[in-house]
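Undergrad: Would you mind keeping the following structure in view while I ask a few things?
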Amino acid sequence: SRWCLITSHKLYSSVYDPNEKTFEKLLIANRGEIACRVIKTCKKMGIKTVAIHSDVDANAVHVKMADEAVCVGPAPTSKSYLNMDAIMEVIRKTRAQAVSLNVSICCSFLSSLSLQASEGVTFIGPDTHAIQAMGDKIESKLLAKNAKVNTIPGFDGVVKDADEAVRIAREIGYPVMIKASAGGGGKGMRIAWDDEETREGFRFSSQEAASSFGDDRLLIEKFIDNPRHIEIQVLADKHGNALWLNERECSIQRRNQKVVEEAPSTFLDPETRRAMGEQAVALAKAVKYSSAGTVEFLVDSSKNFYFLEMNTRLQVEHPVTECITGLDLVQEMIRVAKGYPLRHKQADIPINGWAVECRVYAEDPYKSFGLPSIGKLSQYQEPLHVPSVRVDSGIQQGSDISIYYDPMISKLITYGSNRAEALRRMEEALDNYVIRGVAHNISLLREVIVHPRFVQGDISTKFLPEVYPEGFKGHKLTDLERRQLLATAASLYVAEQLRSQRFLGTPRIPIAKSKRSSWELSVHLGDGTYPVAVSKDGSSFSVEVDGMKLNVTSEWNLASPLLSVTIDGTQRTIQRISRNASGETSIQFLGTVYKLQILTKVAAELSKYMPEKAAEDTSSILRSPMPGTVVAVSVKPGDMVSEGQEICVIEAMKMQNSMIAAKTGKV
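Per the working numbering, numbering through the sequence shown is continuous, rising by one, with the last residue being 667.
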């Protein structure tokens, strides 16, 4: 039920041939949703799996799904998932014949990979020389030039220090992009518009690169302002065959990390698509690439495209490619690793329909479009009942989102015969996604996919800061939507009052024959307080708001986390997040959570006599906006600091953030 298989194209259905022997046992040196993704295909292919995990991941979903599981160390990735000595020992102990490793971070383990090969262990991925060449952004750029691939102007060597970074940036011309040579996933990347930002960017990028990849080398290149980020999926075997599996549009980003992806792109015409695909294949052949990989490009408004980097791994956004081609990329990677040739020709690869992926993160989108949130998933329900929905996740109800790993909850994918249908299904899926216990970015994702610019395909990597220049504030209600929310909240309040009068389907006090059918309420929302009149008519409520009457109908199953409500013929799926005895309630409506207070008319009149709690004065406190680790303190007690001066650096989920003073004062 989690897969949107294209059954009408049987040539591309992910059906495994039992006569095609591959491996008996495969070790997955990864965690989260991608580990679960690999295990699913292995089960289909009859391959036993071994999972590794840190001590805090002992009860993780990928551990439960695998046939065997071994702990390789404590929570920090450097001591567990990147502990190659421990991983090699597990490979020997479990006698795994193959290993699937996150090659975005394995460049420093090439000697171990070679050792695996000498011991008869097959790596599911490209050969070590291709990983080394493409994993190093400096070398990959030189190879791309030699393969006649369009490249971005920049400095092709390693930047030694901040002074050299400033000199190079001036020569190239601002703005410039400073990024980790061995990096990926937006980590170790900074945009600099002047000398000061270049020095700061050099410091943070090198620290993030060392922390995430064990390699602090940086490169600098021209920053192409307002581009699209479009990538080509390639697939190659060990027999010299290579295919491009169409493109993925990945322009919706925050902090250089992708948020929404889709395939195909609304921007490319067949000629540009073919040119990009042919250059991607040329690069793959130049390094004798053999596996699934991704060649990323920046594309300007005139459809000029420039090589950005090649990722020698299965990308997070690979499901949208699987949906429009019907290929199981994990299965193809395993086949190639075993030595089988590709089963398809370039002319066989279709663009069948449209797929959209939203990355659901445990993040607060109201803080810099998403600062990490941690906690336990107290309630979790994926929207798999919505047609043509796929959810790739590595968590479940009760899972912990910790500071040690990426805050991704899942990848939510919808498929349709065209883009409009895929987006409609995504909107419905987001409304039906239940996540409790941590902050999440559902509200931001929903606003993006319904925004007129996105719907029209008018996007770039600067979409979020352009559309929300003052930061994301949630959905802005129209007058009609405000009335719908007020009417729904009031109806929900009355339905609950009526339910509280009953016990096992009968009145609590049979002799008290209450036939009340109307209620006068006061509902506070935002900066306004609104009188609302509710009258009951069967299972429906007639609600008067702003002098207008609305009819609200629902089954009123108050125990369900999801509530389908029809308001004057318009269906809405809402979620009541919380409520308390003082009438305060939080309702998720159109993706955004709104705080309301619902009181009877009498209680509202008396509430003005209640004293208000004084707000905490935090002007003299530096409070981290996210959980994390203090990696540097720039001041000491007694120091005088000015507004905007750095106080310390917090590392959260592999990203470093400078904490600054909000005012001038003494530490």
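We put the CB at the ideal spot given by N, CA and C, even for glycine.
Pick helix, strand or coil for I647, following the three-state DSSP scheme.
TA: I647: strand per DSSP, three-state reduction.
Undergrad: Straight-line CA distance for Y380 to V434?
TA: When rounded, the distance between both Cα atoms is 5 Å.
Undergrad: So K141 is in the alpha helix (DSSP H); what residue range does that whole segment cover?
TA: Counting along the chain, the alpha helix (DSSP H) containing K141 begins and ends at K137 to N146.
Undergrad: For G201, which residues from the same chain have a beta carbon less than 6 Å from its beta carbon, with the 5 sequence-adjacent residues on both sides left out?
TA: I178, R190 and A192, listed in sequence order.
Undergrad: Between which two residues does the alpha helix (DSSP H) harbouring P319 extend?
TA: Per DSSP, P319 belongs to the alpha helix (DSSP H) from H318 to T325.
Undergrad: Between the Cα of T312 and the Cα atoms of I334, P126 and D328, which residue gives the shortest distance?
TA: Ranking the options by Cα distance to T312, first place goes to P126.
Undergrad: For L606, which of helix, strand or coil comes out of DSSP?
TA: In this structure, L606 counts as helix in the three-state DSSP scheme.
Undergrad: So, I587 versus I577, is the Cβ gap smaller than 8 Å?
TA: In contact: I587 and I577 (Cβ atoms closer than 8 Å).
Undergrad: Report the option in K462, E584, R623 and Q233 whose CA atom is closest to the CA atom of A700.
TA: Not covered by the structure: residue 700. The range shown for the chain is 1 to 667.
Undergrad: Kindly give me the distance between the Cβ atoms of M659 and I650, rounded to whole angstroms, as I take these residues to be in contact under 8 Å.
TA: So it is a contact: roughly 6 Å between Cβ atoms.
Undergrad: Alpha carbon to alpha carbon, how far is E24 from C36?
TA: Each residue's alpha carbon lies about 18 Å from the other.
Undergrad: If we call anything under 8 Å between Cβ atoms a contact, is P407 one with S373?
TA: Yes.
Undergrad: With 16 other CB atoms within 10 Å as the buried threshold, where does S104 fall?
TA: Only weak support is given to the placement of S104: the predicted model assigns it a pLDDT of 43, under 50, and the question is left unresolved by the model.
Undergrad: Around the Cβ of Y609, are there at least 16 other Cβ atoms within 10 angstroms (buried) or fewer (exposed)?
TA: Looking at its Cβ environment, which holds fewer than 16 other Cβ atoms inside 10 Å, Y609 is exposed.
Undergrad: Am I right that N441 and P365 are in contact with their C-beta atoms under 8 Å? What's the rounded C-beta distance?
TA: Between P365 and N441 the Cβ distance is about 4 Å, and since that is below 8 Å, they are a contact.
Undergrad: Using a C-beta cutoff of 8 Å, does H318 count as contacting chain B?
TA: Of the protein chains in this structure there is only one, and it is not chain B.
Undergrad: Would you report the Cα separation of I324 and E262, rounded to the nearest angstrom?
TA: Cα-Cα distance, rounded: 10 Å.
Undergrad: Quick check: is any heavy atom of the ligand NAP less than 7 Å from the C-beta of T478?
TA: This structure lacks the ligand NAP; in fact it carries no ligand of any kind.
Undergrad: Quick one, which of P625, K40, K376 and L329 has its alpha-carbon nearest V234's?
TA: Comparing Cα positions, the closest option is L329.
Undergrad: Are there 16 or more other CB atoms within 10 angstroms of the CB of R274, so buried, or fewer, so exposed?
TA: The residue in question, R274, is exposed, as its Cβ has fewer than 16 Cβ neighbours within 10 Å.
Undergrad: Look at the Cβ atom of K79, then the Cβ atom of G73, and state whether they are nearer than 8 Å.
TA: Yes; because the gap between Cβ atoms is below 8 Å, this pair is in contact.
Undergrad: Among E428, A242, V259 and L492, which residue has its Cα nearest to the Cα of E332?
TA: Closest option to E332, Cα to Cα, is A242.
Undergrad: Would you mind working out which of T41, C42, I34 and V61 sits nearest G398, comparing C-alpha positions?
TA: Selected option, being the one with the closest Cα: V61.
Undergrad: Counting beta carbon pairs with one atom in the region 411-418 and one in the region 555-563, are three or more of them shorter than 8 Å?
TA: Because the criterion of three Cβ pairs below 8 Å is not met, the region 555-563 and the region 411-418 do not touch.
Undergrad: Quick one: any contact between the region 245-253 and the region 220-237, if contact means 3 or more CB pairs under 8 Å?
TA: Contact holds: three or more Cβ-Cβ distances are below 8 Å.
Undergrad: Do I395 and D300 have their C-beta atoms within less than 8 Å of each other?
TA: It is not a contact, given that the beta carbons lie outside the stated cut-off.
Undergrad: Please state whether DSSP places A86 in a helix, a strand or coil.
TA: In this structure, A86 counts as helix in the three-state DSSP scheme.
Undergrad: What's the C-alpha gap between F305 and M276?
TA: Rounded to whole angstroms, F305 to M276 spans 8 Å at the Cα level.
Undergrad: Report yes or no: do the region 287-297 and the region 152-172 share at least 3 C-beta pairs separated by less than 8 Å?
TA: Contact between the region 287-297 and the region 152-172 is absent, because fewer than three Cβ pairs lie under 8 Å.
Undergrad: May I ask you to report which of helix, strand or coil DSSP gives I442?
TA: Residue state, collapsed to three classes: helix.
Undergrad: Does the region 490-503 come into contact with the region 522-542, if we say contact requires no fewer than three beta-carbon pairs (one atom in each stretch) closer than 8 Å?
TA: Judged by Cβ distances under 8 Å, the region 490-503 makes contact with the region 522-542, as three or more pairs qualify.
Undergrad: What is the DSSP secondary structure of I105, counted as helix, strand or coil?
TA: At I105 the pLDDT is 45, less than 50, meaning the model places this residue with poor confidence; the figure from the coordinates comes in the next sentence. Here I105 sits in coil by DSSP.
Undergrad: Considering F541, what are the terminal residues of the beta strand (DSSP E) in which it resides?
TA: That run of the beta strand (DSSP E) goes S540 to V545.
Undergrad: In terms of alpha-carbon separation, which member of K476, A439, V438 and G437 lies closest to V448?
TA: When each option's Cα is compared against that of V448, the closest is K476.
Undergrad: Ignore the nearest five residues each way along the sequence and tell me which others in F463's own chain have a CB closer than 6 Å to its CB.
TA: Excluding sequence neighbours, F463 sits near I252.
Undergrad: Classify D392 as helix, strand or coil using the three-state DSSP reduction.
TA: Note: D392 maps to strand in three-state DSSP.
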